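The sequence shown begins at 46 in our numbering and counts up by one.
Where is the CB? At the ideal position from N, CA and C, for every residue including glycine.
If you're wondering where the values come from, they're calculated on a predicted model, not measured in any experiment.
Everything on this sheet refers to the single structure shown next.
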Amino acid sequence: MHLGRLYGRGDHWPALESTAAELAAIINGIHRESPGKPVIVSPFHYVSEYANIYVVDALRSALNLTELAVVSGSPREAYGRQEDILIPGLRILHTLDENNRSALGLRLLRALKRDGAAVLFSDVPPHMMQRYPMETVEVSMLGRPARLHRGVFNIGGHTNAVLLCFHLTFRQGRFGHRIFEPVELRQANAPQRVADYIERAYHDAYPNWILADHPSRYGFAPTK
46 MHLGRLYGRG
56 DHWPALESTA
66 AELAAIINGI
76 HRESPGKPVI
86 VSPFHYVSEY
96 ANIYVVDALR
106 SALNLTELAV
116 VSGSPREAYG
126 RQEDILIPGL
136 RILHTLDENN
146 RSALGLRLLR
156 ALKRDGAAVL
166 FSDVPPHMMQ
176 RYPMETVEVS
186 MLGRPARLHR
196 GVFNIGGHTN
206 AVLLCFHLTF
216 RQGRFGHRIF
226 EPVELRQANA
236 PQRVADYIER
246 AYHDAYPNWI
256 LADHPSRYGF
266 APTK
């Protein structure tokens, strides 16, 4: 998927390109209304992480950016330690790096200031980061108490950023997407709004997710 797009060898996915174009139009609109306002783009973990990264790279191109920062919990091995070759336009900020975690927030802040946008997967369950515990915030999800990582709200509050959440869909052999209304991260109700989006995505996308309920993905089961 990534090599085909990189070298123009026929791997073109119009529906994913359309998702990126719509996201870019929303971001450009935010920047027109509020110049300099940072936008944190948040894909949710449905369909395929590789498809999400394809959209993110297409978004970078649509925004005419040389580089776009992506905070990722995926290990470097996910791309065969060849991120610079497969996705040269994306700067992956790894949450699992032993040596870079203390500077992760600063690197994200610099990227937001430089590019006006960055990518962070805000629906990652806190228990997935047991090796590196993070502060959380209380929300309600699926009718019961839940928690989200606090980091995106801290950074967004300091920078007056907005969070732009979306998720991909895949039905009957075709990609689709759903983009949610931007969330002002400085507002007190921002965590609950994001939790509501995660819940809506769960109801919308989880039943058609190819890997739903597969043991290999149980650690990411939204109902957990």
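Could you work out which residue in Arg189, Gly202, Val184 and Glu180 is closest to Arg195 when comparing CA atoms only? Minimum Cα-Cα distance from Arg195 among the listed residues Arg189, Gly202, Val184 and Glu180 corresponds to Glu180.
Helix, strand or coil for Glu112, going by three-state DSSP, please let me know. Correct three-state label for Glu112: coil.
Is Ser167 buried or exposed, if buried means 16 or more other CB atoms sit within 10 Å of its CB? Here Ser167 is buried: its Cβ has 16 or more other Cβ atoms, across all protein chains shown, within 10 Å.
Would the segment 204-213 and the segment 230-241 be scored as touching if the rule is three or more Cβ pairs under 8 Å? Contact between the segment 204-213 and the segment 230-241 is present, because at least three Cβ pairs lie under 8 Å.
Hey, out of Gly218, Ala163, Leu154 and Tyr247, whose CA is closest to Leu104's CA? Closest by alpha carbon: Ala163.
Enumerate, from N- to C-terminal direction, the unbroken alpha helix (DSSP H) stretches of 4 or more residues contained entirely within the segment 162-224. The qualifying runs are 196-204.
Among Ala65, Ile132, Leu113 and Asp102, nearest to Leu153 - alpha-carbon criterion: By alpha-carbon distance to Leu153, the top candidate from Ala65, Ile132, Leu113 and Asp102 is Leu113.
Can you name the start and end residues of the alpha helix (DSSP H) that Gly85 belongs to? Looking at the sequence itself, residue 85 is Ile, so the reference to Gly does not match. That residue, Ile85, is in no alpha helix (DSSP H); its beta strand (DSSP E) goes Val84 to Pro88.
Based on Cα-Cα distance, which residue from Ile200, Pro190, Ala235 and Arg159 lies nearest to Leu165? Minimum Cα distance to Leu165 is reached at Ile200.
Grouping DSSP H, G and I as helix and E and B as strand, with all else coil, what is Val239? Secondary structure of Val239 (DSSP, three-state): helix.
By the 10 Å Cβ neighbour count, where 16 or more other Cβ atoms means buried, how is Arg238 classified, buried or exposed? By the 10 Å Cβ count, Arg238 comes out buried.
Apart from the five residues just before and just after Tyr263, which ones in its own chain have a Cβ nearer than 7 Å to its Cβ? For Tyr263, the predicted model reports a pLDDT of 48, less than 50, meaning its position is unreliable; a value from the coordinates is still stated below. Answer for Tyr263: no residue qualifies.
Whole-Å CB distance - Pro236 paired with Phe211, under 8 Å assumed: About 18 Å; that fails the 8 Å criterion.
Would you kindly work out how many angstroms separate the C-alpha atoms of Glu67 and Pro88, rounded to a whole number? Each residue's Cα considered, the two are about 14 Å apart.
According to DSSP, is Asp136 helix, strand or coil? Reading off the sequence shown, one finds Arg at residue 136, where the question assumed Asp. In the three-state reduction of the DSSP assignment, Arg136 falls in the strand class, which pools E and B.
Beta-carbon spacing of Ala148, Val100 below 7 Å: Not closer than 7 Å, so no.
Cβ neighbours of Ala250 in the same chain (closer than 7 Å, five flanking residues each side left out): Closer than 7 Å at Cβ, skipping near neighbours: Tyr91, His212 and Thr214.
Where does Glu229 fall in DSSP's three states? In the structure shown, Glu229 sits in a strand (DSSP, three-state: E or B).
Roughly how many whole angstroms lie between the Cα atoms of Leu193 and Ala240? So the two alpha carbons sit approximately 8 Å from each other.
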